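Everything on this sheet refers to the single structure shown next.
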Amino acid sequence: MSNLINIIIIITVISVQTIFGKLGNRYLGAILPLAFAGAVLYFLFTGKLEFSFQDIVMPFIGEITLIGIYAVAEDSRKSKLKKQLDKMKAKDISKK
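Counted from 1, the sequence shown has number 260 at position 62 by the numbering used here; the numbering is strictly sequential.
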């Protein structure tokens, strides 16, 4: 049951970060990476994380992944808007 909850949490985080990227608001896109960094710092200072290779590298991978998800969604939104703008310009040119 615990694995199922972990998978649901991961899917939710990825979905929310993708939605924030599609919305294009940088402040919304920074919420999850900042919350993740805060959680890592909390676990580090409370002693739940040690100074092992895995406990140091994995938070960086998580942070980079969250930022990457946002960036890909934002690029997708921008390219979609550009295609729509190109279609509108093509229709305007053909009407003249």
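Beta carbons are placed, not taken as given, at the ideal position from N, Cα and C, and that holds for glycine. It should be emphasised that the depicted structure is a prediction, and the values quoted were computed from it without experimental measurement.
- For the pair Leu230 and Val211, the CB atoms are nearer than the 8 Å cut-off.
- Residue range Phe251 to Lys293 is occupied by the alpha helix (DSSP H) that includes Glu272.
- In the displayed model, Lys246 falls within coil according to three-state DSSP, outside both helix and strand.
- For Gly219, the enclosing alpha helix (DSSP H) starts and ends at Ser200 to Leu221.
- Within a 10 Å sphere around the beta-carbon of Gly266 sit fewer than 16 other beta-carbons, which makes this residue exposed.
- The alpha-carbon separation between Ser250 and Val214 amounts to approximately 30 Å.
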